[in-house]
């Protein structure tokens, strides 16, 4: 994609990375450290956008629900409860570093409709000009298909396309793409770089999400990587255990999986979204 914005980075963090795995409750220290990292990137001169999952997870915690909801209306209700609380947590964390944030909730229709998509892009651009960090989530409360984004993996790639980002960083509960499931196979090896997508790669990724809290697995991250790289954005998968890895990634010295951009002028991302995301 043309007109890639240099020093513009999108960071995505999943639900399971925001919650304590032992209790399923919010990891406030992780969020505070994330706010520090992103605020410092802003101070370095970067345009920063955060794509954050977690609304349903925070809603579950608020309502004392221990298991992942199965019925769509329950997911939507919990998203409504949790989104407001999640943004309050973020606002307090970023305020510690005098960094303003703004909320953007996207739907599939927003992205596909030409007028709505342009309006969203204009809003992003104005927020960047104001030195505000946009915090993006899918509008799970009103749009059932947005819950299918895969814990926002796909959404983060779409956001990178919308804002013409130079780099997308997916923070996960695993170091990157492995040759096999490292939790089950001690011989599994981390793949440091992926230049080409094929079916073998997707078979390697499997289909299951990593936890009871999140909905995204490695397969959704590969789909995100395909979207990002074909629309001109470099992508990295890295472990969110220590969010200071964000600066390591920016400096080019990190442990993870790197997907370099390979812009494809024939790739129609909007057609893919319309036909694939339901």
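Numbering (this note's numbering), first residue to last: 1311 to 1588. Glycine residues also receive a C-beta, built at the ideal position from the N, C-alpha and C atoms. Please read all numbers here as calculations on a predicted model, not as lab measurements.
query, result
"Exposed or buried, what is residue 1396 when buried is set at 16 or more other beta-carbons lying within 10 Å of its beta-carbon?", "buried"
"Nearest-angstrom Cα distance between residue 1418 and residue 1463?", "14 Å"
"State buried or exposed for residue 1480, treating a residue as buried only when at least 16 other CB atoms are found within 10 Å of its CB.", "buried"
"Can the beta-carbon of residue 1561 be found less than 9 Å from the beta-carbon of residue 1422?", "no"
"List the residues that DSSP assigns as beta-bridge partners of residue 1448.", "1416"
"Closest by CA to residue 1478, which one among 1487, 1472, 1466 and 1486?", "1466"
"Would residue 1362 pass as a contact of residue 1484 if the rule is Cβ separation under 9 Å?", "no"
"Is residue 1554 near the ligand ATP, going by C-beta to nearest heavy atom under 8 Å?", "In terms of ligand content, the structure shown is empty, and the ligand ATP therefore cannot be addressed."
"Measure from the alpha carbon of residue 1504 to the alpha carbon of each residue in 1539, 1475, 1490 and 1402, then state which is nearest.", "1539"
"Starting from residue 1479, follow its DSSP beta bridges and name the residues at the other end.", "1321 and 1546"
"What is the DSSP secondary structure of residue 1333, reduced to helix, strand or coil?", "coil"
"On a Cα-Cα basis, can you pick out the residue from 1556, 1429 and 1468 that is closest to residue 1533?", "1468"
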